[in-house]
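Residue numbers (our numbering), protein chains in the order written: chain A, 388 to 1023; chain B, 20 to 220.
Take a look at the structure:
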């Protein structure tokens, strides 16, 4: 079987080269993300760094770890999805070959073994290229992460020999398992199918597709509804999940949705080529569904994730505006000396808030759980005046704390241990909580009196200042210049919004950039595989009276229509996320806050059309180079 | 033989166990094909049944030799090089064993297909329009080959609508609208053609 597998591999390399590429990129992406994730998690503060610096570094590496973990998850998801669907497609395209094998005495098991052997060869080749490619990619990814400020410049991943096991598992494992399911179905092919000239219309919509598609689409609808009651953090997670689950659901249902959508697209009466293209789309359900699938996932994921990220970052600013009462904002390193400003000319009120990285331990003994977070050092009474509706505690005892807006799992009455490196801030009882916010934020609020002054000076301080009605803002600003940077509240909001958006955009770039390129490759691949099998069909069309140019135009119309449908369904998946964003922000803010990345959307759509059009034109031009009559004559 | 749509191919497919009859029984020797399981049919195709079709249905990626030896390999028995050579020689393709199908003419490809069917020494060789895609010279030599095989005792069931092909057979059945309507033995081309014309009238 391996011999036969090898010969069909050498014979049909254009069909298989795409399959190898998908494995190569999948292996490279997963391997690189995993190695970098480990390196990021193992990052250590330089010796001699003080406790606060060490914790800040740990905090920063936590962000890098999170970004890399999401990248890894995204890469793994794409690898599973793209590799398995590509391999299933290559199997589907070879039905006639397989039937032929059955006709001359091949058993079910032998057909299955042949396909699995092929998958093994392809997977092995892809893995072999993917491992060194992964090493190169790792440097690229590390440089990108460093450039966007997630990791220090010196950051690099380290090679571990055991990663070979992971990469082989990903490449070889996914290729073989991807083909197993398709092979089971393909092995059941009736020998007679080899004799049918055109190839029988096979049932593409399997029961598995029905179940998976329906469950995922219904799940997305459910998530949209639940996002409103999941709280800010839960709502955000659910909103992000909606487009993933909807996109995969649509992909499963694509043999049903794509022909249906093709029917809806109007074609001018008398436009022969358009009608022919539409008929082809409806007829070759598997081909059109397989081409649309990676597009649905690409568009759904990229637009869904970026829309929710941007919307929530906009919502966070809105929330901040609503929940803060101040005229000026002073940012400084530590609160030193700010007390003296209070009550001076023109200042009606101020709230000094210092943020410090901490490690929070919840639970005791076996159940103890420590994570890195932030403590906000406040004066409760002043804090509640600057943030109306946040807390009612006037005086906070030294051994108490308030659960902050970013608190998770610390209800009122529970006890938490708070440390900064070796400095113990003691066991504290949670006596109150401020409402959770979309932006998250500090895990605990501590009273300024309960934290040593020199420790506070190593934090970042934001002071919210309310002016007296007759005060001249410029005079107050001048007086405060020496302490740090003074901005009006609006200026401060704008600058922090810009910072938030930059972070979101950086995360998107890291997570989606390489993944998006990978998904685009799958699109190209599907177009190439689809066109490779159509030489005879094109020849027949030309024999019927179409010119070569008309055949190319027809194929272009077809691929553009599939692209439009794929993008449409992807956008629909992203709209699901948008709806979930609306329910989440309405529940927390009272009003819907959405922000759509129009430029990215336009670039993605234009890019997808360009890529499919170019690929389709190139493959059709190659596929029609031979004279049609020669193609029609030679069967083999 | 019979006009288009008379059920020739369906009859052949049913007789060969590729399609199951709605009613009735198909027997190959003492084996009931209509009751055989898919695995049993697979085993039959490896040992007792051979196929030749109008489109040659060779595997494009394999050489002639490899195509010919494939049925035995699938049956788990690798034929010796000499065995393959001998079968190829018997269809007049000495020295062509290393060519791929696309490097061979239509007539040569059909000979490879016949060699592939014959290597298992089938009890019956089923042929569906074996000369349909060939020019008259190639068709004649393929028919001569099949005639000589029959003379050596090979049972061949062939579907055709070429009277000159039918004339090579020992016995010809005529079909129309799914029914056997006539039977000729040892007829020449003219007699077969005349009968066919009367059927199509």
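Yeah, the Cβ is synthetic: ideal placement off N, Cα and C, and Gly gets one too.
Item: Less than 9 Å separating the beta-carbons of residue 470 of chain A and residue 565 of chain A?; Value: yes
Item: List, in chain order, every chain B residue whose beta-carbon is nearer than 8 Å to that of residue 484 of chain A.; Value: 78
Item: Which residues of chain A have a Cβ atom closer than 7 Å to the Cβ of residue 94 of chain B, listed in chain order?; Value: 492
Item: Just the Cα atoms here: how many angstroms apart are residue 404 of chain A and residue 898 of chain A?; Value: 26 Å
Item: If the cut is a Cβ gap below 9 Å, which residues of chain A does residue 61 of chain B touch?; Value: 489, 492, 493, 494, 495, 497, 578
Item: Using only CA atoms, which one of A:874, A:539, A:787, A:843 lies nearest to residue 831 of chain A?; Value: A:787
Item: List the residues of chain A that residue 38 of chain B touches, going by C-beta distances under 8 Å, in chain order.; Value: 579
Item: I'd like to check one pair, residue 492 of chain A with residue 62 of chain B: are the Cβ atoms closer than 9 Å?; Value: yes
Item: In terms of DSSP beta bridges, what is residue 177 of chain B paired with?; Value: B:146
Item: Using a Cβ cut-off of 9 Å (strictly closer), state whether residue 180 of chain B contacts chain A.; Value: no
Item: Could you check whether residue 672 of chain A and residue 635 of chain A sit closer than 9 Å to each other, using their CB atoms as the reference points?; Value: no
Item: Helix, strand or coil: how does DSSP classify residue 577 of chain A here?; Value: coil
Item: Assign residue 199 of chain B to one of two classes, buried (16 or more other C-beta atoms within 10 Å of its C-beta) or exposed (fewer than that).; Value: exposed
Item: Report the start-end ranges of each alpha helix (DSSP H) in the segment 586 to 654 of chain A that is 4 residues or longer and not cut off at the edges.; Value: 594 to 613, 618 to 651
Item: What are the residues of the segment 145 to 166 of chain B that lie near chain A, defined by any Cβ-Cβ distance shorter than 9 Å?; Value: 147, 152
Item: Per DSSP, what kind of secondary structure is residue 824 of chain A in: helix, strand or coil?; Value: coil
Item: If we define contact as Cβ-Cβ less than 9 Å, is residue 391 of chain A a contact residue for chain B?; Value: yes
Item: Does the CB of residue 946 of chain A have a neighbour CB from chain B at under 9 Å?; Value: no
Item: For residue 1027 of chain A, tell me which candidate among A:693, A:459, A:790 has the shortest Cα-Cα distance.; Value: Residue 1027 of chain A lies beyond the stretch modelled for chain A, which goes from 388 to 1023, so this question has no answer here.
Item: Measure the beta-carbon distance from residue 825 of chain A to residue 790 of chain A and round it to whole angstroms, keeping in mind my assumption that it falls under 8 Å.; Value: Actually they do not touch by this definition, with Cβ atoms about 16 Å apart.
Item: Assuming contact is defined by CB atoms lying nearer than 9 Å, are residue 573 of chain A and residue 500 of chain A in contact in what I supplied?; Value: no
Item: What residues in its chain sit with their C-beta under 7 Å from that of residue 863 of chain A, if we drop five residues either side in the sequence?; Value: 715, 733, 734, 854
Item: Measure from the C-beta of residue 588 of chain A to each C-beta in chain B and report whether the shortest distance is under 9 Å.; Value: Only weak support exists for where residue 588 of chain A lies, its pLDDT of 49 falling under 50; the value from the coordinates is given anyway. With 9 Å as the cut-off, residue 588 of chain A does not count as an interface residue toward chain B.
Item: Please list the partners that residue 81 of chain B has in chain A, where partner means a Cβ-to-Cβ separation under 8 Å.; Value: 391, 394
Item: Drop a sphere of 10 angstroms on the beta-carbon of residue 211 of chain B, count the other beta-carbons inside from all chains shown, and report buried for 16 or more, exposed for fewer.; Value: buried
Item: What residues in its chain sit with their C-beta under 6 Å from that of residue 804 of chain A, if we drop five residues either side in the sequence?; Value: 748, 814
Item: Unbroken beta strand (DSSP E) runs of length 3 or more, entirely within the segment 749 to 825 of chain A: which are they?; Value: 756 to 765, 787 to 790, 802 to 807, 810 to 820
Item: To the nearest angstrom, report how far apart residue 44 of chain B and residue 30 of chain B are at their CA atoms.; Value: 12 Å
Item: Let me see if you follow: with CB-CB separation under 9 Å, is residue 140 of chain B close to chain A or not?; Value: no
Item: Considering only the beta carbon of each residue, do residue 1002 of chain A and residue 925 of chain A sit closer than 9 Å?; Value: no
Item: Just the chain A side, please: which residues come within less than 9 Å of residue 135 of chain B by C-beta, in chain order?; Value: 491
Item: Are there three or more Cβ pairs, one per stretch, closer than 8 Å when the segment 863 to 878 of chain A is compared with the segment 649 to 662 of chain A?; Value: no
Item: Report the three-state DSSP secondary structure of residue 69 of chain B (helix, strand or coil).; Value: strand
Item: Is residue 490 of chain A near residue 76 of chain B, with beta carbons less than 9 Å apart?; Value: yes
Item: Counting only Cβ pairs nearer than 7 Å, list the residues of chain A close to residue 89 of chain B.; Value: 491
Item: Tell me whether the beta-carbon of residue 135 of chain B lies closer than 9 Å to the beta-carbon of residue 178 of chain B.; Value: no
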